[in-house]
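Student: One structure coming up, written as structure tokens, with questions to follow.
Structure follows, in structure tokens:
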């Protein structure tokens, strides 16, 4: 939720010379401030205003419509837009997968099944770095201070590091092309469509030809032994 004129935020251009209109927003609304001083520019004052609810900054929690998804779909909408600009393939894949599964259950009349899995859906959505969730204007929380992070927030620690993609499957395992390094002892998860999530420990780094390596580096392929439901194109993340 951009609270500084979404798509036209001049704060980013003024403070950091970064254009939000091309996905380069510096997110000045998320920076932590101390009293009237900008943490990144000591000595420069920032005026603030106070209303009958108090004094606070821009830091809105992230918009999450999952709790009210049945009501949204009941309006007759035929498509949902998932925010994904500048996000990783892992983020987009996981979020789309959650909403697709949830929407199919609701549209199929399985509201009880949706509610039964709602906590698991939210846990999956919370894995990437986030600033807490709110339904804001859609759920009537926009004027509730609990929908803002009054002290400023960079979000929870990212537990969703993107490691790579499955490029081949074998009867005894999968081949993964890495985007980030993997070390012996790391625990990873294979994340495929349909909410498939399979965890495994990488005890030994193996190349596709079976030889060992000390480290799996970005751009290289490694072989992960095991029996997996995940197929080619499945995303791999930190477990």
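Numbering (the working numbering), first residue to last: 3 to 241.
Here a beta-carbon is modelled for each residue, glycine too, at the ideal position from N, C-alpha and C.
Fair warning: this is a prediction, and the values are worked out from it, not measured in the lab.
So, residue 168 versus residue 234, is the Cβ gap smaller than 8 Å?
Tutor: Taking the first residue of the chain shown as position 1, residue 168 is located at position 166. Taking the first residue of the chain shown as position 1, residue 234 is located at position 232. Yes, they are a contact pair.
Student: Which residues in the same chain have their Cβ closer than 7 Å to the Cβ of residue 224, if we skip the five residues on either side of it in sequence?
Tutor: The residue given as residue 224 occupies position 222 in the chain shown. Here the set comprises 178, 180, 184, 207, 208, 209, 218.
Student: Excluding the five sequence neighbours on either side, which residues of its own chain have a C-beta within less than 8 Å of the C-beta of residue 71, listed in chain order?
Tutor: On the chain shown, position 69 is the one that residue 71 refers to. Answer for residue 71: 101, 104, 105, 108, 116, listed in chain order.
Student: Taking only the alpha-carbon atoms, compute the straight-line gap between residue 202 and residue 19 and give it to the nearest angstrom.
Tutor: Within the chain shown, the letter at position 200 stands for residue 202. Within the chain shown, the letter at position 17 stands for residue 19. Distance between the alpha carbons of residue 202 and residue 19: 43 Å.
Student: Do residue 204 and residue 226 have their C-beta atoms closer together than 8 Å?
Tutor: In the chain shown, residue 204 corresponds to position 202, counting from 1. In the chain shown, residue 226 corresponds to position 224, counting from 1. Cβ distance < 8 Å, so residue 204 and residue 226 count as in contact.
Student: With DSSP collapsed to three states, give me the class of residue 223.
Tutor: Counting from one through the chain shown, the residue named residue 223 turns up at place 221. Three-state result, residue 223: strand.
Student: Between residue 141 and residue 189, is the Cβ-Cβ spacing less than 8 Å?
Tutor: Position 139 of the chain shown, counted from the start, is the residue given in the question as residue 141. Position 187 of the chain shown, counted from the start, is the residue given in the question as residue 189. Cβ distance not < 8 Å, so residue 141 and residue 189 don't count as in contact.
Student: Cα-Cα, which of 198, 68, 17, 186 is closest to residue 118?
Tutor: Position 116 of the chain shown, counting from 1, holds the residue named residue 118. Closest option to residue 118, Cα to Cα, is 68.
Student: Would you mind stating whether residue 148 and residue 66 have Cβ atoms separated by less than 8 Å?
Tutor: Position 146 of the chain shown, counted from the first residue, corresponds to residue 148. Position 64 of the chain shown, counted from the first residue, corresponds to residue 66. Result no, Cβ atoms of residue 148 and residue 66 do not sit closer than 8 Å.
Student: Taking C-alpha atoms, which residue in 114, 173, 163, 232 lies nearest to residue 128?
Tutor: Here residue 128 refers to the residue found at position 126 of the chain shown. It is 163.
Student: Just list the residues that DSSP pairs residue 164 with in beta bridges.
Tutor: To locate residue 164, count along the chain shown from 1; it is residue 162. 239.
Student: If we require 4 or more residues per run, which alpha helix (DSSP H) segments fall completely within the stretch 100-139?
Tutor: Runs found: 113-127.
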